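Chains as they are written, first to last, in our numbering: chain G, 1 to 102; chain L, 1 to 333; chain Z, 1 to 165; chain Y, 1 to 150; chain E, 1 to 370; chain R, 1 to 186. Glycine residues also receive a C-beta, built at the ideal position from the N, C-alpha and C atoms. In this text the structure is predicted, and so the values were computed from the model without any measurement.
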Amino acid sequence: MNSLTVYLFVALLLFCIGLFGLLQRRSLIGMLISIELMLNAAAINFLAFNRFLAPDPAVGQILVLFVMGIAAAEAAIALSLILALFRRLRSINIEQAHDLRG
Amino acid sequence: MTGWLHDTWQWLLAVFGPVALALVVGLVAVLVWVQVNALFLVWLERKVAAHIQLRIGPKEVGPFGLLQTVVDGIKLVSKELITPRPANWVLFVLSPLLVFTPVLLPFLVLPFAPSLPLRDLNVGLMLIFAFSGLNVLAILMGGWASNNKYALLGAIRSVAQNVAYEIPLLLSAMSVVIMAGSLRLGDIVAAQEGMWFVVYQPVAAILYLVGATAETNRAPFDIPEAESELVAGFHTEYSGMRFGLFFLAEYTNMFVVASVAITLFFGGWRGPFLPGVWWFLLKVYLLIFVVMWVRWTFPRLRFDQLMNFAWKYMIPIALLNLLVTALVMKLVG
Amino acid sequence: MRPGQVKELLASALGVEPRETDYAACGCHLRLELAGAQVVDLAGAQVVDLARLMKVEGFFLEFITAVDFDTHLELVYSFTRHQEPLRLQAAVQVERGGFAPSLAGVFAAADWQEREVYDMFGIVFAGHPNLKRLLLPEDADFHPLLRDFTPRPEHGGDVVNLEMG
Amino acid sequence: MRALWEYLWGVLSGAWSLAAGMGVTLRYMLQPVATVQYPRQRLPLPEAFRGPIRLRAFPDGHHCVACGECWRTCPSGVIKVQGLKAQAKDHNRARYFFIDFSRCSLCGLCVEVCPQQALAFSREYETVGPSRYLGVKDLIAALEQEEVVP
Amino acid sequence: MLRKTLIHDTFYLNLGPQHPSTHGVLRLLLRLEGERVVECQPVIGYSHRGHEHMAQNRSWLQFLPNTSRMDYLSALLYNHAYCLAVERACGITVPPRAEYIRVICAELNRIASHLLWFGAYLLDLGAFTPFLYAFDDREDILAILGEVTGSRLTYCYCRFGGVARDLNQAFLDGVRAFIPKLRRRLKDYHTLVSKNVIFLNRTKGIGVMSPEQARDYAVTGPNLRASGVNYDVRKAEPYSVYPELDFEVPLGEHGDCYDRYYVRLLEMEQSLRIVEQALERLPSGPIRAAGVEQEPAPPPGAYHFAYESARGQLGIYLVSDGGRIPVRMKWRVPSFSNLSVLPELLAGTLVADTIAILGSLDLVIPEIDR
Amino acid sequence: MTPVMAHYIRPEVIAYACFGLVLLLVFAGALIAVIPKNIIYNVFGLATSLIGVAGLFIFLGSEFLAMMEVLIYVGAIAIAIVFAIMLSQPMHLQIPPRWRPKVIFSLVVSAVVFVSFGVLVAHTDWQAAAVRGGSWQVRRLGELLLTRYELAFELISLVLLVAIIGAIITAAALGRAQAGREEEEA
């Protein structure tokens, strides 16, 4: 609970679950969810390093804040794309997106 | 008698240790308080509505009908819990529980009196806002799981509304935070020693109250439950105590929101003569009375007008207010 | 506009001769009877022409109804004006289960009124866009305002029965 | 500038209209209540109150001669009267006066057409019963019972 | 491939027959595109009781109680209209006192009907409180009418050639106390509702009905006058003692929901004026025409009578063969035409507006179904 | 009167229990977010997992970030996702069956990543900084954001703004184009 390694392993496991999800999912929203998991794993890492190693305790927190900002922006864009795609294809499965050409 | 009580307390303290005991006692206290508060608020709402409408309201059970809500509660508990066949069973059952949990958390930080918050976190205000968001997720879950057009539409509207009104709510709270220089609720109350913030921040106070009314889904913002369009909104399919939990959560949420308003703008527990707790509760219930009064006065907005109101009026004004506050604070010191 | 004017107008435009009636007694200024053999071919067109003319002259269609005279049905159209008391009722003879032209293309109000007449009397309005039952269930097979109709138990409701000792 | 002014004016006038409305409800809240707590308080019945009909009681019983005018007039057909003659020269006198109150619409035409003024409206209004058949009553029996009871 | 996967976003919504805001059993089949109404199809007839059929099976007098049951919110107006129609057909002259009494009661009933509509409309729009205020006022009217008619909803008060009972002191006192009270209340209603910014936003510019549309669909009553057409049967084809009374016909400008609302509120004030004047002029004399037989029968022929009910022009078309039982009795009920215009008003509006528009038309469904 | 339970229920024990609970939330949530086919379950799993992550942040000493995590992720992003799901109504569509080789492939890849990074983490000797500041206050965060990291802060704000505008345009404009095309076809 109070050692860096524990947090790093937690983050790693979370990241790998996210990775697994990202690779095996076919639906766009499912992939987005997996990506959010991976981003969070990164955020845990930032904060853990910051807590145990870094000189200035605020830097890691700021980085995590930035990660959240990016995640929010990414979610907004991804969701709007999914919606737009859905309107055209009536499906959110990634395999059908090649119909978009032409 | 007291000696016996004292002995028991000592024994409990020795057996369970102070930490566990404090947790259990705190939790029990909060739960009991939530129930009593909801019972009282429901009674108050019915009385206020009745008198505004030239009626008497509940009067049969207990003095002034005070126990009417208890009886209604018993009725709710004894009713059958119906789960519609096409509903998603897991989420349908989970939703009322989840809607109830986040409204309990703010009690951790609410400063009823100088020494009374269970834990005066340095980010107390953020905690309250963060967990009011969870509530929305549970509503969405319940509405979706019911597998009913009205429930789903109600849930979607509820969420759109909550998301839109959370912004002015946060912004107006932030202008107070700028003035107090802290997110800790205790500090905010302390900063109002000379004058209540409502005097410096009348616009923010009004915005907060309007936003809070919308956030608790109360009239004139009760679109998610607009009975003339959507029957009962997201809890159309709920019966018995599951419905009761939604109800309980709504009234508890009202109390929380009013408490935050009191803490932010109306000096919290400050007041002469009486102990802090009394002042706090008095102010909270007065404010809740005003919210009820509003509910029984106005018609409902249409949904698109509601969103327009948030985006066209509340958010720009809140932003402007925040900007002006920041500027003035910078110039003053 | 006075009843006389309308009378002249109708005479010149359609060649029909409405009868002036006593308004104080029967609440109607002009009554136009289109009878007999004219019904199917001639009056059919005449009613539509009449309605067009009435619309141009600023009348509105108050109601359409029918009366069962056992031998034949009488279809009654009532037109009146917003500006002054002036009511023209046109009565057309139709045989039972017969046809009549639809005014739905002229007055929007005729749509439902004709559906009701069809519902109650079984007169079929030719050219009606949506001639379905209005007040009765869609699968009803009777026309209750015809005089030979007697309610049967399957039509619903109970029969008053006071056989008490 | 003009748009801004209109925007602000909209906000202020809107807020004022809401506040005025709240003033109205507050005033009403302080007014005495308008409702009557029914089982405990009862409103006086109007003079003309039309309850289910009864036979008017006279010293010599009722005056119904079973002419059947009410029977024929009743729009709902809920009345049935039967009379007898005690002797050949006597007036007809009603023996049974049945009425099905569950179908009666309280229009009062029977009272109006009665040539003997033998009918009157009662002042009953708590007439709920568990079965519609309880609505069928013999008014003459009811009148006789009434005479016995006090 | 792409075209095949396209699905239109339309779906059907059944509003009613049991829905909190259809006020009675009306079913609206709405075709929606998102929250927008593309098409509306009213389905009526759920409370069809065959009043016109009943009319062909009972005598002229026996039909009298039926008149209270078509539009039960303004039962006295229908009662009055039916009596006037039969009296005109039979050539009966009603004593002036009876006629004044009828007009007083009818106008009070008109106010009661408008009040109920006012309350119910605001209930549709989500304001609960005005509903109870309106009911408080309406309660006064019902109590007053109960004093003379003996009944609170289905009055059956008018008789051929007069009325059933003379006015009593309780009635006169009640009306005299009621008029100033309602005037004060109306002022409050204007503050509480007519000027309320939320209410204005919900109703202004919603459901606009043009005068041409109204004429095409034969819309009458306050709905027509809200569109700016000056047509009130009391003025256009004066009957009863209305020519002797001084009142105005309130008109709207835009024909939207707000105008329909406002016209009705103004009409209540006008009705109060009528009641006031009629009370002042109330002549003494008999309340029943002498020599009118119990069950009159009109001579053979067709008769028409137009009447301004609370919802618009009520037309009664009678065909008599001189017998005890009518040959035909057609009731041209105002709500029938007023509902038929609804699909046109609804096309392209939001579902939330559907409620506002439907409510603003002031429909009484049993009247439509008859 | 023996202090039995008190011996076990000490603050440290409770803290450990809480940590376990938080870990349970994180991983149970993550698994729910990834494995079930029903996408609504996935989102609620994500929300659970993120609440757990917020708990981890508290253990790492940053209550502010924990609250922000709940506020932004659970209160905004998760809700936005649920919203998108409900708007696009994929419930009515058939969920395509998983393609087994793809699942196995993903499992293998993530396992490889896990093992390699795990070995890396376990065998690295992490060096703490020599001098460490002690201020964990929110105020310090704000100061840093507006001084040293101002550019980044502005940049993030800008990115967010652009993203939101872009999202609105994508969703709205594509929808309109779609509607127009349908009309043409009809």
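For residue i, which residues in the same chain have their Cβ closer than 8 Å to its Cβ, ignoring the five residues on either side in sequence?
i: residue 53 (chain G); result: 4
i: residue 13 (chain Z); result: 49 and 53
i: residue 88 (chain E); result: 303 and 305
i: residue 54 (chain Y); result: 119, 120, 121, 122, 139, 142 and 143
i: residue 101 (chain G); result: Bear in mind that the predicted position of residue 101 (chain G) carries a pLDDT of just 44, short of 50, making it too unreliable to give a figure here.
i: residue 162 (chain Z); result: Low confidence applies to residue 162 (chain Z): its pLDDT is 44, below 50, so where it sits in the model is not reliable, and the reading given next is rough at best. Counting only Cβ-Cβ distances below 8 Å, and skipping sequence neighbours, we find nothing.
If I measure Cβ to Cβ from residue i and keep anything under 7 Å in the same chain, skipping five residues before and after, which residues do I get?
i: residue 120 (chain Z); result: 143, 144 and 145
i: residue 154 (chain Y); result: Lying outside 1 to 150, the shown extent of chain Y, residue 154 (chain Y) is not represented and no answer is given.
i: residue 36 (chain R); result: 42
i: residue 82 (chain L); result: 239
i: residue 245 (chain E); result: 274, 277 and 278
Residue i by DSSP, collapsed to three states: which one?
i: residue 81 (chain L); result: coil
i: residue 60 (chain Y); result: coil
i: residue 157 (chain L); result: helix
i: residue 8 (chain E); result: Residue placement at residue 8 (chain E) is poorly supported in this model, since its pLDDT is 46, which falls under 50; the coordinates still yield a value, given next. Here residue 8 (chain E) sits in coil by DSSP.
i: residue 260 (chain L); result: helix
i: residue 304 (chain L); result: helix
i: residue 39 (chain E); result: strand
i: residue 40 (chain G); result: helix
i: residue 92 (chain Y); result: strand
i: residue 253 (chain L); result: helix
i: residue 223 (chain E); result: helix
i: residue 45 (chain Y); result: coil
For residue i, which residues in chain L fall below 7 Å Cβ to Cβ?
i: residue 64 (chain R); result: 123 and 126
Leaving out five residues on either side along the sequence, give the residues of the same chain with a beta carbon under 6 Å from the beta carbon of residue i.
i: residue 178 (chain E); result: 140
i: residue 149 (chain Y); result: Note that residue 149 (chain Y) scores a pLDDT of 47, beneath 50, so its modelled location is shaky; the value from the coordinates is reported in the next line. Correct list: empty, nothing qualifies.
i: residue 328 (chain E); result: 319
i: residue 106 (chain Y); result: 50
i: residue 308 (chain E); result: 232, 233 and 234
i: residue 366 (chain E); result: 47
i: residue 205 (chain E); result: 256
Please compile the residues from chain L whose C-beta is within a distance smaller than 8 Å of the C-beta of residue i.
i: residue 71 (chain R); result: 126, 129, 130 and 133
So which residues on chain Z does residue i lean against when the C-beta distance must stay under 7 Å?
i: residue 237 (chain E); result: 85
Going along chain L, which residues have a C-beta under 9 Å from residue i?
i: residue 28 (chain Y); result: 51, 52, 53 and 54
i: residue 40 (chain R); result: 88, 91, 141, 144 and 145
Please compile the residues from chain G whose C-beta is within a distance smaller than 8 Å of the C-beta of residue i.
i: residue 77 (chain R); result: 36, 71, 72 and 75
Could you work out which residues of chain Z lie near residue i, taking near to mean beta carbons separated by less than 8 Å?
i: residue 254 (chain E); result: Those within 8 Å of residue 254 (chain E) in chain Z number zero; the least Cβ separation is about 18 Å.
For a contact meaning CB atoms closer than 9 Å, what does residue i contact in chain G?
i: residue 105 (chain R); result: 23 and 24
Could you list which residues in chain Y have their beta carbon closer than 9 Å to that of residue i, in chain order?
i: residue 107 (chain E); result: Simply none; closest approach about 19 Å.
task: Could you tell me whether the stretch 10-30 of chain Z touches the stretch 300-311 of chain E, where touching means 3 or more Cβ pairs closer than 8 Å?
output: yes
field: In chain order, each alpha helix (DSSP H) run of at least 4 residues that lies wholly inside the stretch 128-164 of chain E
entry: Counting only runs of 4 or more, we get 129-149.
query: How do the stretch 110-118 of chain Z and the stretch 82-94 of chain Z stand: do at least 3 beta-carbon pairs fall below 8 Å, yes or no?
result: no
- request: Taking 8 Å as the threshold, find out whether the stretch 210-227 of chain E comes into contact with the stretch 58-69 of chain Z through three or more Cβ pairs.
  value: For the pair of segments examined, the stretch 210-227 of chain E was found to touch the stretch 58-69 of chain Z: the number of CB pairs separated by less than 8 Å reaches three.
- prompt: Is the stretch 95-110 of chain E close to the stretch 339-352 of chain E, with three or more CB pairs under 8 Å?
  reply: no
- prompt: Would you say the stretch 289-307 of chain L touches the stretch 43-51 of chain L, given that touching needs at least three Cβ pairs under 8 Å?
  reply: yes
- prompt: For the stretch 55-107 of chain E, which segments carrying the alpha helix (DSSP H) assignment without a break, of at least 4 residues, lie completely within its bounds, in sequence order?
  reply: Residue ranges of uninterrupted alpha helix (DSSP H) with 4 or more members, entirely inside the stretch 55-107 of chain E and ordered along the chain, are 64-67 and 75-90.
- prompt: Does the stretch 136-145 of chain L come close enough to the stretch 83-100 of chain L that 3 or more CB-CB pairs lie under 8 Å?
  reply: yes
field: the stretch 295-305 of chain L contacting the stretch 190-198 of chain E, beta-carbon criterion three pairs below 8 Å
entry: yes
task: Assess, as a yes-or-no matter, whether the stretch 95-115 of chain R is touched by the stretch 54-71 of chain R under the definition of 3 or more beta carbon pairs within less than 8 Å.
output: no
- prompt: Within the chosen definition, does the stretch 238-255 of chain E reach the stretch 12-26 of chain R through at least 3 CB pairs nearer than 8 Å?
  reply: no
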